[in-house]
Amino acid sequence: MSTHKIPGYGATLRTAKKLTEKAVPVVNRAVPGRMPDVEVILTNERGMVEAMAAAEVALAGALDRRTRDRAERDARKLAREIQARAIPRPDGSALIIINVDKHPTPAAYAVTIVHELTHAMQFSRKDVVERSVANARDAFGIERQSRRDAREHDRLLRQAEAEAYGYEHLANRIVPGAHA
Numbered sequence: 227m228s229t230h231k232i233p234g235y236g237a238t239l240r241t242a243k244k245l246t247e248k249a250v251p252v253v254n255r256a257v258p259g260r261m262p263d264v265e266v267i268l269t270n271e272r273g274m275v276e277a278m279a280a281a282e283v284a285l286a287g288a289l290d291r292r293t294r295d296r297a298e299r300d301a302r303k304l305a306r307e308i309q310a311r312a313i314p315r316p317d318g319s320a321l322i323i324i325n326v327d328k329h330p331t332p333a334a335y336a337v338t339i340v341h342e343l344t345h346a347m348q349f350s351r352k353d354v355v356e357r358s359v360a361n362a363r364d365a366f367g368i369e370r371q372s373r374r375d376a377r378e379h380d381r382l383l384r385q386a387e388a389e390a391y392g393y394e395h396l397a398n399r400i401v402p403g404a405h406a
């Protein structure tokens, strides 16, 4: 667990670390799959853009400047709308990026960390990382995937998101009174 471009958030980092340590076994017991190695980064909106773009480019295996610029543009739009993001890594681990400015209370953080850890557990399931890599490569125009594969990926993403929302009630075990 670390921070990115947010100096002076030591107390927030310590609280987040404690809540994350409590959340991991709760999610690990409740959600099917296995918990991969997870790196959690606390940052602000600008830091989210940088971290998400770097992770997406690494996932796609792209090296050119055009792809990095496109990833930053896409991440900038997405960072305005979301509170956190879990991104699989090609090595089987997961990266969770959390915008601390959108989490004013430990309860709000608990709900988000349970949601994102659920996504991390989903990454350990069969073909999830491979589909994510193929989708990222398609999004950057590196390697096209069929329309059928793209629709299947979108359907599975919606299903995974619904599952993660369904497990948010587990945050109540970490911070009593936390709810989505």
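This note's numbering puts the sequence shown at residues 227 to 406.
Idealized CB from N, CA, C, for every residue including glycine.
#1: Keeping to the same chain, check which residues put their C-beta closer than 6 Å to that of residue 248; ignore five residues upstream and five downstream.
#2: Which parts of the stretch 299–363 are runs of the beta strand (DSSP E), unbroken and 3 residues or longer, counting only runs that do not cross its ends?
#3: Closest by CA to residue 310, which one among 365, 258, 337, 388?
#4: Using 7 Å as the threshold, is the C-beta distance between residue 286 and residue 268 below it?
#5: Do you know offhand how far residue 320's Cα is from residue 343's?
#6: Tell me, to the nearest whole angstrom, how far the beta carbon of residue 257 is from that of residue 393; I am working on the premise that it is less than 8 Å.
#7: Starting from residue 267, trace the beta strand (DSSP E) in both directions and tell me its first and last residue.
#8: Is DSSP giving residue 379 helix, strand or coil here?
Reading from the atomic positions:
#1: By one-based count along the sequence shown, residue 248 stands at place 22. Hits under 6 Å: 400.
#2: The stretch 299–363 contains these whole beta strand (DSSP E) runs: 310–314, 320–325.
#3: Within the sequence shown, the letter at position 84 stands for residue 310. Cα-wise, what sits closest to residue 310 is 337.
#4: Locating residue 286 in the sequence shown gives position 60, where the first residue counts as 1. Locating residue 268 in the sequence shown gives position 42, where the first residue counts as 1. At the C-beta level, residue 286 and residue 268 stay beyond 7 Å of one another.
#5: Here residue 320 refers to the residue found at position 94 of the sequence shown. Here residue 343 refers to the residue found at position 117 of the sequence shown. Rounded to whole angstroms, residue 320 and residue 343 show a C-alpha spacing of 9 Å.
#6: Stepping through the sequence shown from its first residue, residue 257 is reached at position 31. Stepping through the sequence shown from its first residue, residue 393 is reached at position 167. Correct: roughly 6 Å between the Cβ atoms.
#7: Along the sequence shown, one-based indexing puts residue 267 at 41. Residues 264–269.
#8: Indexing the sequence shown from 1 puts residue 379 at position 153. Of the three classes helix, strand and coil, the one that applies to residue 379 here is helix, per DSSP.
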